[in-house]
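Data block below; observations after.
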Amino acid sequence: MNLDVQKSVDLSAIIKKPYCLLLAMVGLAITSVATAQDVAEQTVNSAVSDDIKRIYGAADAPNIQNMPIGVFDSGTGGLTVLEKILTIDAFENQTNQLTPSGDGKPDFANESFIFLADQANMPYGNYPVVGKEEFLEELIVKDAWFLMGQKRFRLDDSGESGERYTEVKKASVKAIVIACNTATAYGQDDIEKVIDDAGLDVKVVGVIDAGAKGAVESLKGEDGTIGVVPTRGTVLSGAYPIAIRRIADSSGQAQRIEVIQQGAFGLAGAIDGAAEFILPDPKNNNARNDYRGPSMTHPEVTIRQDILNRYDFDFRGNRMLYRDSQQKPSELQLNSVDNYIAFHLVSLMEQFRTDESLPPLRAIILGCTHFPFYKDVFDKELERLRNYQEGDEFIYRKHMAKKIELIDPAYFTARELYQSLAADARVRPIGNTPRTRGEFCITVACQDGKDVQLNASGDFTYEFKYGRNPGKVTSNFRAVSLDARTVDESVLQRLQKHVPNVWTLMKKDAHQRTISDESDTKE
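If you want it as structure tokens, here you go:
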């Protein structure tokens, strides 16, 4: 096996936080967090929530089978993974055997799910970029603890007194799917260690090995380059090159595989409407001072003036913001998802022009769960680049295979999840239909939190969000219902279009959830 990795990072070099800080992650929204010194004096068992130990300590096999499956992401992108889980048919469900065409029935048809989007703290990929890996790891463990706990909040419109957060019940989960590449890279080992050391039995499945496996399989033994387009944080972790190397080595095939990465800085945030990366309805095309995405003046993620024609940016409708003139700008800022994708794919292909020895690009891993929402845009942009000419030369075509596979790790994640549940006899029995199949939560910034800095949209400012330090995950955000009050209409429209099975669950279960909220509040 000849496997070379471009821009890879040794995972062992990543600085891990003191284990004691991991143990502070208890409860729903971190209503209180012990200091590092306090937690250091506690044993693993005393640091873990008594409620969580009671829940899992009392659960016998039938009860565990009936628990929901937990899925979390830094935003709504993880719903693409849940969509695949809802629709996958890869097994004969009576025997749990993997088959080429399944058995005609969705593999998870009897399961229920709880989804968490940690929108208040997204995008996760920026934390490692600004040196906040330890704080990110705390957020990730907090997500897992939320899914394992039995508390969430209801957001009430309370008239004169403003917003209130009413505590209500939720179910605990039997398995956790980390539907986020950055969270998998920085937090899966932490979650598993805390769970194991606490003597709990909850399975954890991430997306990175799944994506790496899909990419290696797509090469079908041929030489080729695998492109990885994740967040910059995932690039810094080195997780994908390491996983691809390990899986390729274990396959026993002798082809040459190269890996190049393009950290898609700002793209996930733009997809979920983060104000620092995209402005939904700008009044004009003037460049703004609070923009954080790629630009002509960004020191690391620079829009190159010498290749502006190659990007072919769309300037219509203020999709690009600029300073001075459009023809000769002194500053350019991306203001549409399509332009973000164009910038990052051109940047990926420029790596081939820098190193002509690379074999052709055969697969691209969509290394953030937000990106499959725009798979058609990726395909369209790749086709444009294939046919892009300067003079008589197609400058990228020789570096591109005739068919470039776009790898969505979701399918392989869903497959691994089913195999994990089946191995431990935790698949929910056929005919044992849950009351409701979906519960969807999202974190929001507390509007009245102490020392919280909010922007005009009511979200954490960039400076506050990425200025927090380890041990400071406090109660300034809450997990509430994911609905029209907590996400933009454009996001809901995207979900309706791209994840129809998830959308159906969200609509079908909304009424039942309202009834449950009212009942739980009265108890």
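In our numbering, the protein residues as written are 68 to 590. Where is the CB? At the ideal position from N, CA and C, for every residue including glycine. Remember, it's a predicted structure, so these values are computed and weren't measured experimentally.
Nearest candidate by alpha-carbon position, reference residue i, set the options
i      : options                           : result
Lys241 : Lys218, Val197, Ala211 and Val235 : Ala211
Ser239 : Thr251, Leu214, Tyr478 and Thr162 : Leu214
Val511 : Ala184, Lys236 and Lys151         : Ala184
Glu201 : Val235, Asp156 and Gly254         : Gly254
Arg502 : Lys237, Ala481 and Thr553         : Lys237
Asp381 : Val404, Arg121, Gly336 and Ser362 : Val404
His437 : Asn352, Tyr123 and Asp140         : Asp140
Glu423 : Tyr463, Ile345 and Gly525         : Tyr463
Arg231 : Val569, Asp515 and Phe531         : Asp515
Phe445 : Val296, Ser179 and Arg535         : Val296
Ile122 : Gln372, Val269 and Ile327         : Val269
Ile155 : Asp264, Met573 and Asn568         : Asn568
Ile416 : Lys395, Gln394, Phe461 and Pro439 : The question names Ile, yet the displayed sequence has Met at residue 416. Met416 has its Cα closest to that of Phe461, out of Lys395, Gln394, Phe461 and Pro439.
Lys318 : Asp339, Val326, Leu286 and Phe440 : Per the sequence shown, residue 318 should be read as Ser rather than Lys. If we check each option's Cα against that of Ser318, Leu286 comes out closest.
Asn351 : Gln328, Gln393 and Asp316         : Gln393
Cβ-Cβ distance between residue i and residue j below 8 Å
i      : j      : result
Gly273 : Ile245 : yes
Ile293 : Ile324 : yes
Pro173 : Leu146 : no
Leu334 : Ile408 : yes
Ala290 : Gln322 : As written in the sequence, residue 290 is Asp, which differs from the Ala given in the question. Yes, the pair counts as a contact, with Cβ atoms nearer than the cut-off.
Ala341 : Met189 : yes
Val496 : Gln161 : According to the sequence displayed, residue 496 carries Pro and not Val. No, Cβ-Cβ distance for Pro496 and Gln161 is not below 8 Å.
Gln217 : Asp117 : no
Gly505 : Phe175 : no
Met545 : Cys513 : It should be noted that the sequence gives Arg, not Met, for residue 545. Yes, Cβ-Cβ distance for Arg545 and Cys513 is below 8 Å.
Leu388 : Arg355 : yes
Tyr529 : Arg359 : yes
Met573 : Phe507 : yes
Same chain, Cβ closer than 7 Å to residue i, neighbours up to 5 away in sequence not counted
i      : result
Ala489 : Asn163
Arg299 : Gly192, Val196, Gly330 and Phe332
Asp391 : Ser397
Ser79  : Residue placement at Ser79 is poorly supported in this model, since its pLDDT is 30, which falls under 50; the coordinates still yield a value, given next. Answer for Ser79: no residue qualifies.
Ala282 : Ile293, Ile311, Ala430, Ile432 and Ile474
Phe410 : Pro361, Ile370, Tyr378 and Leu401
Arg535 : Phe202
Arg386 : Asn402, Ser403 and Asn406
Lys575 : none
Three-state secondary structure (DSSP) of residue i
i      : result
Gln400 : strand
Pro297 : strand
Phe180 : strand
Thr110 : For Thr110, the pLDDT reaches just 31, beneath the cut-off of 50, and the residue's location in the model is therefore unreliable, leaving the point undetermined.
Gln372 : helix
Met387 : strand
Gln560 : helix
Ser168 : coil
Arg420 : helix
Ala546 : strand
Val283 : helix
Gln161 : coil
Asp174 : coil
Val235 : strand
Asp263 : helix
Leu89  : At Leu89 the pLDDT is 34, less than 50, meaning the model places this residue with poor confidence; the figure from the coordinates comes in the next sentence. Here Leu89 sits in helix by DSSP.
Leu572 : helix
Val413 : helix
Leu425 : coil
Gly278 : helix
Phe380 : coil
Ala430 : strand
Ile155 : coil
Val272 : strand
Gly137 : strand
Lys120 : helix
Lys442 : helix
Asp257 : helix
Lys241 : coil
Ile97  : Low confidence applies to Ile97: its pLDDT is 31, below 50, so where it sits in the model is not reliable enough to give any reading.
Cutoff 6 Å; reference residue i; Cβ partners in own chain excluding five residues on either side
i      : result
Leu89  : Because Leu89 sits at a pLDDT of 34, beneath the cut-off of 50, its placement in the model cannot be relied upon, and the following sentence gives the value as read from the coordinates. So the list reads Val208, Asp257 and Val261, once near-sequence residues are dropped.
Lys280 : Ile314 and Phe479
Thr571 : none
Ala306 : Ala252 and Ile275
Arg482 : Ala157
Thr98  : Because the pLDDT at Thr98 is just 32, under 50, the model does not fix this residue reliably, and the point stays unresolved.
Asp151 : In the sequence as presented, Asp is not what sits at residue 151; that position holds Lys. Same-chain partners within the cutoff: Ala477, Tyr478 and Ala481.
Nonlocal neighbours in the same chain, by C-beta distance under 8 Å from residue i, ignoring five residues either side
i      : result
Glu450 : none
Val554 : Thr143, Gln186 and Ile509
Residue i CB to nearest heavy atom of the ligand SAM below 7 Å
i      : result
Asn356 : Inclusion of the ligand SAM in the displayed structure is not the case, the ligand content being empty and no account of it being possible.
Legend entry - Any beta strand (DSSP E) of 3 or more consecutive residues that is wholly inside the stretch 444-531: 467-474 and 505-512
Inset, instruction - List in chain order: all unbroken alpha helix (DSSP H) runs of 4+ residues lying wholly within the stretch 285-360. - result: 299-304, 306-318 and 334-338
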